[in-house]
Structure formats: structure tokens, C-alpha cells
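K.L.:
Numbering (the numbering used here), first residue to last: 7 to 319.
Cβ coordinates follow ideal geometry from the N, Cα and C atoms, glycine included.
All values reported here derive from a predicted model rather than from experimental measurement.
Sending over a structure as C-alpha cells; questions will come in a sec.
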Amino acid sequence: MSEIRPRPVILDTDPGIDDAVAILMLLGAEEIDLQAITVVGGNVGLRNTLRNALSLVELAGRTDVPVYAGAKNPLLTRLVTAEDIHGAGGLGNLELPVPVTNPTEGDVAEVIYRRAQEAPGELTLIAIGPLTNIARAFLAHPDLPGLLKELIIMGGSVGAGNMTLAAEFNIYVDPEAARIVFGSGVKLTMVPLDVCNSHTLKMKDIEAIEAVGTDCAKAVGKLLRYSHNVSTRLGRDGCPVYDAVTAACLLRREIFELKDCAIDLETRGRLTRGRTVVDWYGVSGDQPNCAVAVDFEIEGYRDRLIESLSRLR
Ligand code: RIB
Ligand code: CA
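See below:
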């Protein structure tokens, strides 16, 4: 019987607490071939997001996965960060050893393009930070969107924002990049704030994750407890691990419900900059350019995370 070849994937990320959970979830996923982790400034500055990504692949024993430094700042503006949510270093109160490995030299746009050319129609990009690196790759290579199997992003919202009333953080940081990506013709799936907030991990789930007992599981437990405390302080119920939900959408799409929508990006307006304008009822007459995640099974997501962590050390 023919072996199913692991699916080629590149992750673009701004670790970040929920990014870290997603990174470990993907590093422990045997069904994918994680060809590269590309890093962007976002939750914290690039120096810290890069260090965190290197520390996480070392924690997981997966230094076979190359880590590349991408954009320090958004396309047109200065970086806005979120230390209030992720802590000064980006990983809450999780202290990981200073990485002993270095980032791999290479331009992120060229790395993504080269990998896409190697297997036309097979490479999946998953982007869980601001979309600066992705937009730069699409600007440098206009044929790249058509070479990809798909792009899955954590970003945007159908309802309220979390950075402003209108805008979700990843989109708000670089709305110009987001507009390029949403208008590129790439096969796009958006995992927005709304669906991630609809099912959150509770303390019993965090305890089940910690019970895996591996170093990675204990690290995830510490990250989730920190994030759970932040959520409680903000009056929210449980732990919406946005980027890990997005990783689950890559690994277990069957537990997600998706709705095809036409989406455009607002890049202007005192109140609206960074808004994903979702044509929920099809009133624009525009063709849908994005599948929006509207629901998922929390148990399936939690179990998939535990499965990945059980495979790591
Ligand atoms: O709004 C949530 C998103 O912004 C997540 O990806 C989080 O890590 C931050 O990057
Ligand atoms: Ca992120």
C-alpha cells in the first residue's frame, strides 16, 4: 500500500504564547512535513520572536526544521506589539534556555517561493502573525499564490476586534499586507477571533495537557496557565488559543465548519483601519475569496494538541 507522503507546510509566526502552542502542535504532527518556520515581528519585536522560535524547536528536539528571520516591521508603518498579553519576552512566564542554534540564512520570500516551485499545488502556508512576510513573498513573485495548495491564517474578525473595536491584532499590525494577501487569489482560509473565542480551553483541559508529562506538555501547561490568567483578568471565560486553533484547522479540518465569504480589508479610518469587511450575506455580489471558520469541536482540537505533545519529548 502506498505510503501517504507528509503534506509540505511552512509556518509563518510571531511567537507569542498561542504561537508557541501552535508551533509545538505542528512540530509533533507526523502527517505534515514542516519545511520551515519563518518569523515576523508581531506580539513582540523580531529579536524576541526569533529567539522564541529557535528555543521552541530546540525544546521539541526538532532542530531539523530551519528557522528564518523575516520582517521586523510592517510594510508601511512601525510595529505595534502586545507585551500586555504575551509578556515582555513573548512567552509569558515560561523561561526557555537561550537557543544554541542560529537562524538559517535566507530571504523568506525566496524560501517560500522555492519550496512552492518544488511541488506546485502541494505547499500549504499557515500564517499566525501579521501578514508582512506573506505579502512580501506575493509582491516578489505574483505567480506564488497560484503555486500554493492553500494559505490558512489566524486573523480578522466577523464581529468585534481585539486591538481596536474594529480590528483583530494580526490584521491591525499590517492591514496593507493583509489587503495584498486577501486580493491575491490564493486559496484562503481565515480562522477569525470569533470562532476561537467560541470554544476555549478550561483548567480541566490544561490539566489534561500537563498530564502528558513531557517537557513540551509542561511548557504548554505553563503557557496556557499564564494565558488563562490574562483571559480571566480581561473577564473572559477560559483560554482562547487562537494560533493553536488555526493549527488544528490545518491538521483536522474535518472538525471545523467553514463558510465561503467575500472579504475585503479596510486600511483607512480612525475607527476602521485593519477591519476585515466580511460580506456575510453575499450582498456585494463579489465572488467569495475566503473560507471563514465558523465553528469547531473543542474536544477534537484538544485531543489533537495532546496527540502532538505526546510525540515530542
Ligand atoms: O489576535 C490574535 C492573534 O494576534 C494571535 O495570532 C496572537 O498570537 C497575535 O499574533
Ligand atoms: Ca500569533
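Give the DSSP-derived three-state secondary structure of residue 169 in the structure shown.
P.N.:
Coil at residue 169, not helix or strand.
K.L.:
What's the C-alpha gap between residue 263 and residue 149?
P.N.:
Each residue's alpha carbon lies about 29 angstroms from the other.
K.L.:
Using DSSP's beta-bridge definition, name the partner residues of residue 265.
P.N.:
Answer by DSSP bridge pairing, in chain order: 298.
K.L.:
For residue 173, which residues from the same chain have a beta carbon less than 7 angstroms from its beta carbon, with the 5 sequence-adjacent residues on both sides left out?
P.N.:
The residues are 167, 279, 280 and 281.
K.L.:
So residue 41 is in the beta strand (DSSP E); what residue range does that whole segment cover?
P.N.:
Note, residue 41: beta strand (DSSP E), 38-45.
K.L.:
Report buried or exposed for residue 41, applying the criterion of at least 16 other Cβ atoms within 10 angstroms of its Cβ.
P.N.:
The residue is buried, with at least 16 neighbouring Cβ atoms inside 10 Å.
K.L.:
Using only the heavy atoms of ligand 2, determine whether one of them is closer than 7 angstroms to the beta carbon of residue 19.
P.N.:
Residue 19 Cβ: within cutoff of ligand 2.
K.L.:
Per DSSP, what are the beta-bridge partners of residue 245 in this structure?
P.N.:
Residue 245 is bridged to 207.
K.L.:
Does DSSP put residue 185 in a helix, a strand or coil?
P.N.:
Reduced to three states, the DSSP call for residue 185 is helix.
K.L.:
Could you tell me whether the Cβ atoms of residue 269 and residue 144 are closer together than 8 angstroms?
P.N.:
Not in contact: residue 269 and residue 144 (Cβ atoms no closer than 8 angstroms).
K.L.:
Could you say which of 133, 71, 54 and 153 lies nearest to residue 104 if we only look at CA atoms?
P.N.:
Closest by alpha carbon: 54.
K.L.:
Is the region 13-25 touching the region 121-138, taking contact as three or more C-beta pairs under 8 angstroms?
P.N.:
They touch, by the three-pair rule.
K.L.:
I'd like to confirm something about residue 48: is its beta-carbon nearer than 7 angstroms to some heavy atom of ligand 2, or not?
P.N.:
Checking every heavy atom of ligand 2 against the Cβ of residue 48, one is found closer than 7 angstroms.
K.L.:
Taking the alpha-carbon of residue 156 as reference, which of 126, 178 and 147 has the nearest alpha-carbon?
P.N.:
Measuring from the Cα of residue 156, the nearest candidate turns out to be 126.
K.L.:
Can you find a heavy atom of ligand 2 that lies under 7 angstroms from the Cβ of residue 39?
P.N.:
No, ligand 2 has no heavy atom inside 7 angstroms of this Cβ.
K.L.:
Residue 283 bridges to which residues according to DSSP?
P.N.:
Note: residue 283 sits in a beta bridge opposite 270.
K.L.:
Starting from residue 13 and walking both ways along the beta strand (DSSP E), at which residues does that stretch end?
P.N.:
That run of the beta strand (DSSP E) goes 13-19.
K.L.:
Rounded C-beta distance between residue 58 and residue 97? I'm assuming under 8 angstroms.
P.N.:
Yes, residue 58 and residue 97 are in contact; Cβ-Cβ is about 6 angstroms, under 8 angstroms.
K.L.:
In terms of alpha-carbon separation, which member of 180, 84 and 128 lies closest to residue 273?
P.N.:
The shortest Cα separation from residue 273 among 180, 84 and 128 belongs to 180.
K.L.:
Verify the contact flag: residue 160, CB atom, against every heavy atom of ligand 2, threshold strictly below 7 angstroms.
P.N.:
Answer for residue 160: yes, Cβ within range of ligand 2.
K.L.:
At what residues does the alpha helix (DSSP H) containing residue 141 begin and finish?
P.N.:
138-146 is the span of the alpha helix (DSSP H), which, as asked, contains residue 141.
K.L.:
With a 10 Å radius around its C-beta and 16 neighbouring C-beta atoms as the bar for buried, classify residue 290 as buried or exposed.
P.N.:
The residue in question, residue 290, is exposed, as its Cβ has fewer than 16 Cβ neighbours within 10 Å.
K.L.:
How many Å lie between residue 318 and residue 287 at the Cα?
P.N.:
If I take the Cα positions, the gap works out to 43 angstroms.
K.L.:
If we ignore side chains and look at the alpha-carbon of each, how far apart do residue 2 and residue 36 end up?
P.N.:
A query on residue 2 cannot be resolved here, the shown segment of the chain reaching from 7 to 319 and no further.
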